[in-house]
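Enquirer: Handing you a structure now.
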RNA sequence: GGUCCCGUGGUGUAGCGGCCUAACACGCCUCCCUGUCAAGGAGGAGAUCGGCAGUUCGAAUCUGCUCGGGAUCGCCA
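In the working numbering, the protein residues as written are 9 to 606.
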């Protein structure tokens, strides 16, 4: 070994010890005859002192040292001089008196300093990701990710789960997300697809008798990127035989509690997790992935605001729309600029606008509001009585701002939940160290696709309908609820799962609703369905986003921070400069040529 | 595919029609310095303002296109 001690681990009790350390020069403080080096390795920072009285040769050599040079130093640990201690440093009570210095690898001047307090363009960080990852913050995030994965392995192994690897080269199935595709050399003109998830493979593993399976699985989806979406992401994928919904939920909840308690002991979180149905979630929060750390719940107020002479509301609601509200506490005296900003924001998330009513904070009771004590975008249509009504119904108080959006339900919910998320942040309604886990269940099995005029699966085709809803399968698909459950935390969907269909007859009836023809079914799902013909145990499971979980636990707001080598928004990698052209010989071998697409 | 924000020495910013032969901080280089820890002091090098085209007597500054990064809607069973 080039070292026998880690820099950051050395404490006062090692005083007098002779040690060998190695690492990067993090900082250099040259006092002429005395040179201080902050030496950094994974464990932390150690102050090394080069003193000509101890070694003239090492001192001379140390004058050459610059940031990010890799060096090896040996010498004696000593307690620092009185008054020279540094309490900000774990090793601040001691220092290494360098006897021998060896330069293992010099460095160019780095494009940015390897420090936590860094404010630079992300592109530069990604180009020099090897330097970026040296920063203690990034080291900690990678360690956090490892700790989470480690706990998953331990916890699930203890529960008799077996980790099974599944292939990365599988078959393209056209539904779902866009596939990443790999040409086959041995079968010119044919392609593999990278898995969007190991869904069908793990179901086959259940038919194979694995009973309890898990995998830290890479999943690939060729769709547009977001702060919480990369083209390849990692899932904790798991599946269990002979289980009901309740069993999967209990297992995953136990695992997540264990992860949070062991790995982020300082975190505040709710135990047991909340449970809420899809319908209730939409009703209260306007989304199926609610941030339940704070209130700001939505209310439907169609009845209060119709037939009071306001055209906007009457016509929208007459056309099958609804009016819903959100109350922003303490925002009743928002300026014109602030309310304009909210209206503008509502348009960004698809709304046509919103109506606000702001009430002065110094009103004693709602009973004696004066005309000059409230402002509204619809002031001339809103009598004092209607304002009173709205405030009473929504539970708003003097000093609060009521926002109303009227449109088709989907738009209303989109707009208001976006406003809710934004205002939760802006009004500081939650604690950053808090994690609020909630199970959302009773999802509909199908959704109506307006564009294609057909039913599509809300989750995927293998999710089981609730037994009591089977009677609606042919008559009224909208009514069917599924054995589906999502795990949501702080407004992020961490994962979703379901009890699967293991009965061929029910599976066929579901395919019929979606309108799949027999041939489609055979080419897309034949392999799985064939396995079901030979005794398929009832089974169910989940896929859980590891990147998002680590992001949340690490207090980050995008998953690139917890992925060693992430891609940019255009799915390229600035470090490797991928994707790239390939050799024409490679293309020829694959039988691929290009046509001009435009 | 749409909308919005950003692009000035290595890094982060300022400058937003002539005062810019582009400013400041950090970093970098040279020299001085034995107790610093974002060391200090003195001096110095370094950008034609993402690219292209246009408007103008004159463009970092205005316009168009384009490239790159980010946020977001669509998309993501």
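By construction, the Cβ of each residue, glycine as well, lies at the ideal position given by its N, Cα and C atoms.
Which residue wins for smallest C-alpha separation from residue 366, given the options 353, 408, 390 and 331?
Expert: Position 358 of the first chain holds residue 366. Looking at the Cα atoms, 408 is the closest of the given residues.
Enquirer: Apart from the five residues just before and just after residue 383, which ones in its own chain have a Cβ nearer than 7 Å to its Cβ?
Expert: One-based indexing of the first chain puts residue 383 at position 375. The residues are 366.
Enquirer: Can you have a look at residue 187 and say buried or exposed, based on whether 16 or more other CB atoms are within 10 angstroms of its CB?
Expert: Residue mapping note: residue 187 aligns to position 179 of the first chain, counting from 1. Classification of residue 187: buried, given that the 10 Å Cβ count is 16 or more.
Enquirer: If you follow the beta strand (DSSP E) that residue 414 is in, where does it begin and where does it stop?
Expert: Residue mapping note: residue 414 aligns to position 406 of the first chain, counting from 1. Counting along the chain, the beta strand (DSSP E) containing residue 414 begins and ends at 409-415.
Enquirer: Based on DSSP bridge pairs, tell me the residues matched to residue 272.
Expert: The sequence position of residue 272 within the first chain is 264, counting from 1. For residue 272, which the question treats as bridged, DSSP gives no partner whatsoever.
Enquirer: Alpha carbon to alpha carbon, how far is residue 321 from residue 379?
Expert: Position 313 of the first chain, counting from 1, holds the residue named residue 321. Position 371 of the first chain, counting from 1, holds the residue named residue 379. Approximately 22 Å between the Cα atoms of the pair.
Enquirer: Opposite residue 550 in the DSSP bridges: which residues?
Expert: In the first chain, counting from the first residue as 1, residue 550 sits at position 542. Note: residue 550 sits in a beta bridge opposite 246 and 505.
Enquirer: Could you name the residues that DSSP lists as bridge partners for residue 105?
Expert: Taking the first residue of the first chain as 1, we reach residue 105 at position 97. 57 and 84.
Enquirer: Thinking just about the alpha-carbon of each residue, which of 166, 525 and 284 is nearest to the one in residue 450?
Expert: Numbered from its first residue, the first chain carries residue 450 at position 442. Here the closest residue by C-alpha is 284.
Enquirer: Per the DSSP calculation, residue 308 is bridged to which residue(s)?
Expert: The residue given as residue 308 occupies position 300 in the first chain. According to DSSP, residue 308 bridges with 332.
Enquirer: From residue 194 to residue 470, what does the alpha carbon distance come to, in whole angstroms?
Expert: Residue mapping note: residue 194 aligns to position 186 of the first chain, counting from 1. Residue mapping note: residue 470 aligns to position 462 of the first chain, counting from 1. Residue 194 and residue 470: Cα-Cα distance of roughly 32 Å.
Enquirer: Please return the same chain residues whose Cβ sits closer than 8 Å to the Cβ of residue 437, not counting the five positions on each side in sequence.
Expert: In the first chain, counting from the first residue as 1, residue 437 sits at position 429. Correct list, in chain order: 301, 302, 303, 304 and 431.
Enquirer: Are three or more beta carbon pairs between the segment 238-249 and the segment 209-222 nearer than 8 Å?
Expert: Yes, they touch.
Enquirer: May I ask which residues mark the beginning and end of the beta strand (DSSP E) holding residue 37?
Expert: Along the first chain, one-based indexing puts residue 37 at 29. Counting along the chain, the beta strand (DSSP E) containing residue 37 begins and ends at 26-38.
Enquirer: Using the three-state DSSP reduction, which class does residue 482 fall into: helix, strand or coil?
Expert: Against the first chain, residue 482 aligns to sequence position 474. In the structure shown, residue 482 sits in coil (DSSP, three-state: anything other than H, G, I, E or B).
Enquirer: Mark residue 19 as exposed unless 16 or more other C-beta atoms lie within 10 angstroms of its C-beta, in which case mark it buried.
Expert: For the purposes of this step, residue 19 is taken as residue 11 along the first chain, with counting starting at 1. With fewer than 16 other Cβ atoms within 10 Å, it is exposed.
Enquirer: Using the three-state DSSP reduction, which class does residue 158 fall into: helix, strand or coil?
Expert: As a position in the first chain, residue 158 is number 150, starting the count at 1. It is helical.
Enquirer: In terms of residues, what are the limits of the alpha helix (DSSP H) holding residue 220?
Expert: In the first chain, residue 220 corresponds to position 212, counting from 1. Segment 220-228 is the beta strand (DSSP E) holding residue 220; no alpha helix (DSSP H) there.
Enquirer: Pick out whichever of 394, 237 and 54 has its Cα sitting closest to the Cα of residue 93.
Expert: On the first chain, position 85 is the one that residue 93 refers to. Out of 394, 237 and 54, 54 has the C-alpha closest to the C-alpha of residue 93.
Enquirer: Mind checking which residues open and close the beta strand (DSSP E) that includes residue 192?
Expert: The count along the first chain starts at 1 and reaches residue 192 at position 184. That residue, residue 192, is in no beta strand (DSSP E); it is neither H nor E in DSSP.
Enquirer: Roughly how many angstroms lie between the CA atoms of residue 241 and residue 389, to the nearest whole one?
Expert: Numbered from 1 along the first chain, position 233 holds the residue referred to as residue 241. Numbered from 1 along the first chain, position 381 holds the residue referred to as residue 389. Answer to the nearest angstrom: the Cα atoms are 52 Å apart.
Enquirer: With a threshold of 16 other CB atoms inside 10 Å of the CB of residue 5, please say whether the residue is buried or exposed.
Expert: One cannot answer for residue 5 here, as it falls past the ends of the chain, which runs 9 to 606.
Enquirer: Any idea what DSSP makes of residue 206, helix, strand or coil?
Expert: The count along the first chain starts at 1 and reaches residue 206 at position 198. Here residue 206 sits in coil by DSSP.
Enquirer: In terms of residues, what are the limits of the alpha helix (DSSP H) holding residue 90?
Expert: The residue given as residue 90 occupies position 82 in the first chain. First-last for residue 90: undefined, no H or E at that position.
Enquirer: Leaving out the 5 sequence neighbours to the left and right, which residues in its chain are closer than 6 Å to residue 174 when beta-carbon positions are compared?
Expert: For this step, residue 174 is matched to residue 166 along the first chain. Counting only Cβ-Cβ distances below 6 Å, and skipping sequence neighbours, we find 206 and 209.
Enquirer: Give, in chain order, every unbroken run of the alpha helix (DSSP H) that is at least 4 residues long and sits entirely within the segment 117-170.
Expert: Qualifying alpha helix (DSSP H) stretches, in chain order: 130-135, 137-140 and 144-166.
Enquirer: If you scan the segment 364-435 from start to end, which runs of the alpha helix (DSSP H) of 4 or more residues do you find wholly inside it?
Expert: You should have 392-402 and 417-434.
Enquirer: Give me, in chain order, the residues of the same chain whose beta-carbon lies closer than 8 Å to that of residue 547; leave out the 5 immediate sequence neighbours on both sides.
Expert: As a working mapping, residue 547 is identified with position 539 in the first chain. Result list for residue 547: 211, 214, 247, 248, 249, 250, 251, 507, 508 and 510, in chain order.
Enquirer: What are the boundary residues of the beta strand (DSSP E) that residue 493 is part of?
Expert: Along the first chain, one-based indexing puts residue 493 at 485. Looking at the DSSP string, the run of the beta strand (DSSP E) that includes residue 493 is 492-497.
Enquirer: Assign residue 578 to buried or exposed, taking buried as 16 or more other Cβ atoms, counted over all protein chains shown, within 10 Å of its Cβ.
Expert: As a working note, residue 578 is residue 570 in the first chain. Burial call: exposed.
Enquirer: When DSSP labels each residue in this structure, what does residue 252 get in the three-state scheme?
Expert: In the first chain, residue 252 corresponds to position 244, counting from 1. In this structure, residue 252 counts as coil in the three-state DSSP scheme.
Enquirer: Pick out whichever of 222, 123 and 190 has its Cα sitting closest to the Cα of residue 170.
Expert: The residue labelled residue 170 in the question sits at position 162 within the first chain. With distances taken between Cα atoms, residue 170 lies closest to 222.
Enquirer: Mind reading off the beta-carbon distance from residue 29 to residue 76? Whole number of angstroms is fine, and I expect it under 8 Å.
Expert: Within the first chain, the letter at position 21 stands for residue 29. Within the first chain, the letter at position 68 stands for residue 76. Between residue 76 and residue 29 the Cβ distance is about 16 Å, and since that is not below 8 Å, they are no contact.
Enquirer: What first and last residue would you give for the alpha helix (DSSP H) that runs through residue 43?
Expert: As a first step, residue 43 is located in the first chain; it is residue number 35 there, counting from the start. Looking at the DSSP string, residue 43 is not in any alpha helix (DSSP H); the run it does join, the beta strand (DSSP E), is 43-49.
Enquirer: Grab the span of the alpha helix (DSSP H) containing residue 345 for me, first residue to last.
Expert: As a position in the first chain, residue 345 is number 337, starting the count at 1. From DSSP, the alpha helix (DSSP H) with residue 345 extends over 344-356.
Enquirer: Taking 9 Å as the threshold (C-beta atoms), are residue 123 and residue 73 in contact?
Expert: Against the first chain, residue 73 aligns to sequence position 65. Against the first chain, residue 123 aligns to sequence position 115. Taking 9 Å as the Cβ cut-off, residue 73 and residue 123 do not qualify as a contacting pair.
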